[in-house]
Amino acid sequence: MSISREEILQIATLARLRLTDAESEDLSQDLNQILEYFDMLASIEGPEGERLELGPPKAPEREPGQIAPAPMAYPPADSAPDFREEFFVVPSPPSLSSADDPGDSP
Amino acid sequence: MTDIASMAEAVRDGGVDAAEPARTAVARLHEQNEGAQGLNAFLAALSNAEAAALEVPRDGGRIPGVPIAVKDNMATLEFPTTCGSKILEGYRSPYEATVVQRLRQEGAVIVGKTNLDEFAMGSSTENSAYGPVRNPRDLARVPGGSSGGSAAAVAAGIVPAALGSDTGGSVRQPASFCGVVGLKPTYGRVSRYGLVAFASSLDQVGMFGGTVADAAELLQVVAGHDARDSTSVDRPVPEFSEGRDAGAEGLVVGVPAEYFGDASEPGVKARCQAALAALETNGAHIREVSLPHTEYALSAYYVIATAEASSNLARFDGVRYGLRDSAGEDLGEMYERTRTAGFGREVKRRILLGTFALTAGYHDQYYGRAQSVRGLVSGDFAIVFAGGVDVLFTPTSPTVAFPLGARVQDPLQMYLADVFTVTANLAGLPAISVPIGTSDGLPVGGQLIAPQWGETALFRAAFALEEALAGENSDG
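The following block contains the structure:
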């Protein structure tokens, strides 16, 4: 995985930060080095070598007598403009939408 | 009279003026903190005149008159709360953190706010907008981070104990570098209300002490449910020092092979082997175990922590807190100008990393997988503890304190300083760093990790380790 200077600038816009040319150049190098290290996450497999299930761990089981959390009156999906497969759908940055975007995000 | 128990006893018995311990701490603080070779461990503190005017009741709680330092990412009323950032320069919170309130209720005197890596992002306390902190054990070296100011304040003997925060090792690693005790409690044991959020699912208030007993006493004072923090858990607070005299006899200590590979310096490994030998001599059973997903933990931690940071730090936009650069033409420009001027380089780097990891095209590749790894790391610990291990022992950090400036230009090397500590945060477990000697004259810390809510067992092991090594904390 590598990230270009243009993508860094696009991400900076999303994060409401302004970067000088020198900063974007430096940060591009830093982030690429860090992301290369993070790429080891791609190689991990599940306990029996099966495909790793994505997402957070399941909530721990409650002890008997513990009060269960109250369900939300209005699930978040009800008030979201677009919600698919347990994710809020938001616009992708233009420079990222072609590469790895699954294609169905607006 | 340098530990919490003897200070509190002297005050309670009338052996000293109740304000004397705080006045002494404030005098030491100003003597050691300032100047070109000063520690720079404090960003705000009581003046000598304010300390002279202090009135401290003798019977005011569990630790009357005991001077305590607090990391400057916890809200206090009488001192500014800057988080080591320009964006919060001079900011005064309208309320106080629960942990600070509990300290006051039990009679402690907050003598000052300690320096830190900006928004607790760093492993050397060189990322503060107010300059780096020096390690009292060697002024040319870093104290570790991000709670380096608190660690230095305890190591220098300014205060007997201090509060820090630990998101990925920010209490334990500086404790190791400065030769003091550093504790990260179970996630949910201590209220985070008033702790400025970095990565909310990982952040926990931690404690520094000159001894294991001081760290236990400070936890005793601040632990417990707080309705103002929805992640604080409502369960009884045990007496954390109850295993103080139990020793190591029969204790089952797991040694995870993954923490004893090539990552650590030879001097660190040697001190760890000596500590394990001392525990075994005192009756502990040492058992080799495996935590197979450890190698993925650091990557998972940095993906999750930066993703949460990018969200948490969105609130610093010039509207509600601190700095505002309103020279732009519209609201969006004001946000950008304020954040660009207010945040330092490491904070910007982490916000960008986190924003990137959460973008639609990369969410599964980074954040989704990191969350899965978090589950696997937690599962590794659960299996080992279910197999009869009482506590795990590892090095706290792969190295001793490194020279100031040595890693500033290499963020990945800096992140690797946390390689042994992030796992306890990912799994929400309690962990403590205890001094286990020195290597080339610099302190080495050994880390003990216990199951969730297992602080009593953790302290029993820490007391036993401290006792086993008493008198032999030196090279060799």
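One line per chain: the protein sequences are A and B, in this order.
1 is the number of the first residue of the first sequence in our numbering; add one for each residue after it.
107 is the number of the first residue of the second sequence in our numbering; add one for each residue after it.
Beta carbons are placed, not taken as given, at the ideal position from N, Cα and C, and that holds for glycine.
Residue j beta carbon less than 8 Å from that of residue i
i: Phe-449 of chain B; j: Ile-193 of chain B; result: yes
i: Gly-228 of chain B; j: Ala-261 of chain B; result: no
i: Gly-255 of chain B; j: Phe-185 of chain B; result: no
i: Gly-330 of chain B; j: Ala-354 of chain B; result: no
i: Ala-257 of chain B; j: Val-265 of chain B; result: no
i: Leu-458 of chain B; j: Thr-444 of chain B; result: no
i: Arg-278 of chain B; j: Thr-527 of chain B; result: yes
i: Leu-325 of chain B; j: Pro-291 of chain B; result: yes
i: Tyr-236 of chain B; j: Phe-38 of chain A; result: no
i: Leu-532 of chain B; j: Arg-480 of chain B; result: yes
i: Pro-280 of chain B; j: Gly-251 of chain B; result: yes
i: Ser-370 of chain B; j: Pro-504 of chain B; result: yes
i: Val-327 of chain B; j: Glu-414 of chain B; result: no
i: Leu-522 of chain B; j: Ala-537 of chain B; result: no
i: Ala-12 of chain A; j: Arg-18 of chain A; result: yes
Exposed unless 16 or more other CB atoms sit within 10 angstroms - verdict on residue i
i: Phe-569 of chain B; result: buried
i: Tyr-201 of chain B; result: exposed
i: Gly-367 of chain B; result: exposed
i: Phe-88 of chain A; result: exposed
i: Gly-438 of chain B; result: exposed
i: Asp-351 of chain B; result: exposed
i: Val-490 of chain B; result: buried
i: Gly-577 of chain B; result: exposed
i: Ala-530 of chain B; result: buried
i: Glu-161 of chain B; result: exposed
i: Met-72 of chain A; result: exposed
i: Arg-426 of chain B; result: exposed
i: Ser-432 of chain B; result: exposed
i: Ala-203 of chain B; result: buried
Backbone CA spacing between residue i and residue j [nearest angstrom]
i: Leu-575 of chain B; j: Ala-383 of chain B; result: 10 Å
i: Asp-546 of chain B; j: Leu-245 of chain B; result: 15 Å
i: Ala-158 of chain B; j: Arg-129 of chain B; result: 6 Å
i: Leu-571 of chain B; j: Gly-315 of chain B; result: 15 Å
i: Tyr-402 of chain B; j: Tyr-472 of chain B; result: 12 Å
i: Arg-243 of chain B; j: Ala-214 of chain B; result: 27 Å
i: Pro-102 of chain A; j: Arg-16 of chain A; result: Bear in mind that a pLDDT of 46 at Pro-102 of chain A, under 50, signals an unreliable position, so the model cannot answer this.
i: Ala-151 of chain B; j: Leu-135 of chain B; result: 8 Å
i: Ala-319 of chain B; j: Lys-454 of chain B; result: 39 Å
i: Glu-224 of chain B; j: Arg-451 of chain B; result: 10 Å
i: Val-506 of chain B; j: Gly-543 of chain B; result: 11 Å
i: Ile-129 of chain A; j: Lys-375 of chain B; result: This structure leaves residue 129 of chain A out entirely; chain A is present only between 1 and 106.
i: Met-113 of chain B; j: Gly-121 of chain B; result: 10 Å
i: Gly-137 of chain B; j: Ala-322 of chain B; result: Reading off the sequence, residue 137 of chain B comes out as Glu, not Gly. Distance between the alpha carbons of Glu-137 of chain B and Ala-322 of chain B: 28 Å.
i: Gly-270 of chain B; j: Val-176 of chain B; result: 7 Å
i: Gly-65 of chain B; j: Gly-467 of chain B; result: In the structure as shown, chain B starts at 107 and stops at 582, and residue 65 of chain B therefore has no counterpart that could be examined.
i: Leu-357 of chain B; j: Leu-564 of chain B; result: 11 Å
i: Leu-31 of chain A; j: Ile-174 of chain B; result: 38 Å
i: Val-296 of chain B; j: Met-40 of chain A; result: 33 Å
i: Arg-475 of chain B; j: Phe-283 of chain B; result: 32 Å
i: Asp-109 of chain B; j: Glu-394 of chain B; result: 35 Å
i: Ser-199 of chain B; j: Thr-187 of chain B; result: 7 Å
i: Ala-556 of chain B; j: Leu-535 of chain B; result: 6 Å
i: Pro-509 of chain B; j: Pro-517 of chain B; result: 15 Å
i: Pro-106 of chain A; j: Arg-84 of chain A; result: Reliability fails at Pro-106 of chain A, whose pLDDT of 39 lies under 50, so the model's placement of it is uncertain and the value that follows must be treated cautiously. Looking at the two C-alpha atoms, the distance is approximately 12 Å.
i: Ser-336 of chain B; j: Arg-208 of chain B; result: 18 Å
i: Leu-385 of chain B; j: Phe-499 of chain B; result: 11 Å
i: Ala-80 of chain A; j: Glu-561 of chain B; result: 42 Å
Reference residue i, options the options, closest by Cα
i: Pro-377 of chain B; options: B:Ala-556, B:Gly-481 and B:Pro-541; result: The sequence shown places Arg at residue 377 of chain B, rather than the Pro named in the question. The residue with the shortest Cα to Cα distance from Arg-377 of chain B is B:Pro-541.
i: Pro-163 of chain B; options: B:Asp-123, B:Glu-156, B:Leu-145 and B:Val-132; result: B:Asp-123
i: Gly-190 of chain B; options: B:Pro-342, B:Asn-139, B:Glu-232 and B:Leu-522; result: B:Glu-232
i: Tyr-197 of chain B; options: B:Phe-422, B:Val-374, B:Leu-160 and B:Pro-249; result: B:Phe-422
i: Gly-275 of chain B; options: B:Met-113, B:Pro-549, B:Ser-539 and B:Trp-559; result: B:Ser-539
i: Ser-478 of chain B; options: A:Asp-78, A:Ile-44 and A:Phe-83; result: A:Ile-44
i: Gly-144 of chain B; options: B:Asn-154, B:Pro-249 and B:Asn-179; result: B:Pro-249
i: Ala-268 of chain B; options: B:Ala-523, B:Val-239, B:Thr-220 and B:Ala-303; result: B:Thr-220
i: Leu-464 of chain B; options: B:Leu-419, B:Tyr-441 and B:Thr-412; result: B:Thr-412
i: Gln-29 of chain A; options: A:Ile-8, A:Thr-20 and A:Ala-42; result: A:Ile-8
i: Gly-218 of chain B; options: B:Ala-226, B:Ala-131 and B:Ser-230; result: B:Ala-131
Contact with chain D by residue i, beta-carbon distance below 8 Å
i: Ser-4 of chain A; result: Here the protein chains are A and B, and chain D is not one of them.
Cβ-heavy atom distance, residue i to the ligand HEM, below 7 Å
i: Val-89 of chain A; result: For the ligand HEM, the structure offers nothing, since it holds no ligand at all.
Which full runs of the beta strand (DSSP E) of 3+ residues lie inside the region 501 to 549 of chain B, going along the chain? 537 to 545
Where are the beta strand (DSSP E) runs, 3 residues long or more, that stay fully inside the region 310 to 361 of chain B, in chain order? 311 to 315
Could you name each continuous alpha helix (DSSP H) segment of 4 residues or more that falls completely within the region 350 to 416 of chain B, going from the start of the chain to the end? 372 to 387
Just to confirm the assignment: which complete alpha helix (DSSP H) runs, minimum length 4, are found wholly within the region 420 to 499 of chain B? 437 to 448, 451 to 464 and 475 to 492
What residue ranges within the region 186 to 238 of chain B form continuous alpha helix (DSSP H) runs of no fewer than 4 residues, ordered along the chain? 204 to 211
3-residue-minimum beta strand (DSSP E) runs that sit fully inside the region 145 to 176 of chain B, ordered along the chain: 148 to 151
Of all the beta strand (DSSP E) runs that stay within the bounds of the region 243 to 293 of chain B, which reach a length of 3 or more residues? 267 to 271 and 287 to 290
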